[in-house]
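With the working numbering, letter number 16 in the sequence shown gets 68, and the count goes up by one each step, no holes.
Beta carbons: idealized from backbone N, C-alpha and C, even for Gly.
The model shown is predicted, which means the values in this text are computed figures rather than measured ones.
So the structure is just underneath, and the comments pick up after that.
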Amino acid sequence: MQVFDNFRALMTDFSKVTGLPVDDMDDDALLFSSPDGSELSFFHSPDSGFVSVMVTAGLLPEADRPALAEVLMRDNPALWIAYGATIGLNERGEVCLLTGAPLEHLTGALLASMTQGLAELAANLNESLKSGSLKPDRDEGTKSSQGDLGDRLRL
């Protein structure tokens with residue numbers, strides 16, 4: 053099918069730029085897992101023609117998960133404006149950063165550049181989670197003194 057061939061061609065071009073293998077690619081998805089448990093995923097929607105890139109950025113601490121999720125979701129619009137990325141949580145409680153673009157506008161080099169930026173942002177967020185510098189707002193009535201998420205994750 054032509055749509056899947058176009059996605060496969062894009063990912064093959066991406067592989068030539070990055071050196072990452074595409075042998076395990078499904079028709080509309082490709083997943084990489086690293087030894088530290090983080091994941092890099094590519095998804096193609098034939099309906100919209102959109103290619104999405106998702107990177108996991110660390111596990112939210114269980115004790116603070118709802119409050120930290122609220123901080124992340126509140127800062128989601130600023131993340132989109134600053135980086136063209138959005139944030140979510142997967143079923144395991146891991147923070148996921150996502151971005152994407154129409155398949156017809158992508159090349160392997162452009163996808164590699166987008167992926168690198170997203171991976172760097174995810175690494176910075178993961179470090180913030182591990183170091184404890186990303187904290188939940190304990191006083192619901194005041195604005196966070198932490199600044200917005202984008203300020204804390206500058207590349």
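Reduced DSSP secondary structure (H/G/I, E/B, other) of residue i
i	result
Pro154	strand
Gly184	coil
Met106	strand
Ser93	strand
Leu82	strand
Leu112	coil
Val74	coil
Ser15	Any question about residue 15 goes unanswered here, given that the chain covers just 53 to 207.
Ser67	helix
Asp99	coil
Asp189	coil
Contact with chain B by residue i, beta-carbon distance below 8 Å
i	result
Thr159	Absent here is chain B; the protein component of the structure consists of one chain.
Rounded distance between the beta-carbons of residue j and residue i, thought under 8 Å
i	j	result
Val103	Gly152	5 Å
Glu91	Ser97	About 19 Å separates the two Cβ atoms, so there is no contact after all.
Ala121	Leu111	Not confirmed; about 12 Å, so no contact.
Ala164	Leu150	Their Cβ separation, rounded to whole angstroms, is 17 Å, which puts Ala164 and Leu150 out of contact at 8 Å.
Ala130	Leu177	Not confirmed; about 13 Å, so no contact.
Val123	Pro188	6 Å
Distance cut-off 7 Å: residue i Cβ against heavy atoms of the ligand MN
i	result
Asp88	The ligand content of the structure shown is nil, which means the ligand MN is not present either.
Own chain residues within Cβ distance below 7 Å of residue i, not counting five before or after
i	result
Lys68	Gly160
Asn230	No answer is possible for residue 230: it lies beyond the span of the chain, which begins at 53 and ends at 207.
Among the options, nearest to residue i - alpha-carbon criterion
i	options	result
Glu114	Gly145, Pro73, Leu163, Thr70	Gly145
Ser100	Asp80, Val123, Ala171, Ala130	Asp80
Tyr135	Leu120, Asp65, Gln168	Gln168
Glu172	Leu83, Pro154, Cys148	Cys148
Asn142	Trp132, Gln54, Ser165, Arg117	Arg117
Leu170	Ser185, Ser180, Ile139, Asp189	Ile139
Contact set for residue i: own chain, Cβ-Cβ below 6 Å, skip 5 residues either direction
i	result
Leu62	Leu158
Q | beta strand (DSSP E) runs wholly inside the region 115-155, at least 3 long, in chain order | A | DSSP runs (the beta strand (DSSP E)) wholly in the region 115-155: 138-141, 146-154.
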